[in-house]
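So for the sequence shown, full-length UniProt numbering puts the first residue at 1; every next one is plus one. C-beta atoms are modelled at their ideal positions from N, C-alpha and C, and glycine is treated no differently. Accompanying notes for the structure given below.
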Amino acid sequence: MERQASVLLEVCVDSIQSAVNAEAGGANRLELCQALSEGGLTPSAGLLAVVKKAVSIPVFVLVRPRRGDFFYSDPEVEAMEIDIERLSEADGFVFGALKADGSVNESICRRLLAKSDGKPCVFHRAFDVSSGDAILVAKQIAALGFVRLLTSGRAKTAVEGIETIRKLLRESSGNLVIMPGSGVNPGNASIFASVGCEQVHASCKRPVGSAMVFRNECCAMGDEGEDEYTRFVTEGDIVKEIVNALR
1 MERQASVLLE VCVDSIQSAV NAEAGGANRL ELCQALSEGG LTPSAGLLAV
51 VKKAVSIPVF VLVRPRRGDF FYSDPEVEAM EIDIERLSEA DGFVFGALKA
101 DGSVNESICR RLLAKSDGKP CVFHRAFDVS SGDAILVAKQ IAALGFVRLL
151 TSGRAKTAVE GIETIRKLLR ESSGNLVIMP GSGVNPGNAS IFASVGCEQV
201 HASCKRPVGS AMVFRNECCA MGDEGEDEYT RFVTEGDIVK EIVNALR
């Protein structure tokens, strides 16, 4: 069950340790993905299974087959449908799809909603790069059957998009939960509580050095210039600070 708090905190995690740390810090819910460094991608069934064993709070799963835009081909949509079927242990799903003109792709969204077997679904930050009036797009998303919208208010960070978030809250009329995300931290979390947000989204992460002693610095597994001996892990103390700021 989701822990009750004045404002619910969802923490986005991409590892088992981050999931455990988030719950220990007081998170109410998790969004599970892989590769947060890429904006988050669909997690493996194995990762979901182990996280579900490790925590007792709800776990929503991101369904995003690749990095980049949200304009998906038919084979990519098929892959997303299969992922939803195979990630059935999830408590809900997080996805979104756009047409080439930036409008919401209702057809793809309906296909993925149908595969979700009645579980609650969240429209993610594809909204922030969508075209059209923000209020009308949010109403379109609600009408499709999504229960929640993750958004930065169409800005780089949720603090910068606070006026759009405020308008979305006012116009949603309880039909769609508006959940701000992007750059939420202990120093600004109270802003979202003060404007009436019932839920917020954060990663609460810090860099952690590798325990590897031997390192071959001449060989890289990813893009050149990336530090492959440092990864980001959710820090329980940061989660706790945000929880306290939201009270």
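Taking the C-beta atoms as reference points, V233 is found nearer than 9 Å to V208. The Cβ atoms of L47 and L36 do not sit closer than 9 Å to each other.
With a threshold of 16 other beta carbon atoms within 10 Å, K53 falls short and is exposed. Taking the Cβ atoms as the reference, I162 lies roughly 15 Å from L149, outside the contact range of under 8 Å.
For I84, no beta strand (DSSP E) run applies; the uninterrupted alpha helix (DSSP H) run containing it begins and ends at D74 to R86, by DSSP.
Rounded to whole angstroms, the gap between the alpha carbons of D237 and C197 is 22 Å. DSSP places V243 in the uninterrupted alpha helix (DSSP H) bounded by G236 to A245. Taking the Cα positions, E38 is about 14 Å away from E228. Beyond the five residues adjoining it in sequence on each side, I108 comes within less than 6 Å, by CB distance, of V77 and A97 in the same chain, given in chain order. According to the DSSP assignment, F123 belongs to the beta strand (DSSP E) that extends over C121 to F123.
The residues G236, V239 and K240, in chain order, have a CB closer than 6 Å to that of G25 in the same chain once the five nearest residues on each side in sequence are set aside.
L144 is not a Cβ neighbour of E171, given a cutoff of 9 Å. Fewer than three beta-carbon pairs drawn from the stretch 181-196 and the stretch 212-226 are found closer than 8 Å, and the two stretches are therefore not classed as touching.
Judged by DSSP secondary structure, V13 falls within the beta strand (DSSP E) whose first and last residues are L8 to V13. Between I57 and L30, the beta carbon gap of about 6 Å places them in contact (Cβ cut-off 8 Å). Rounded to whole angstroms, the separation of the alpha carbons of L246 and N185 is 11 Å.
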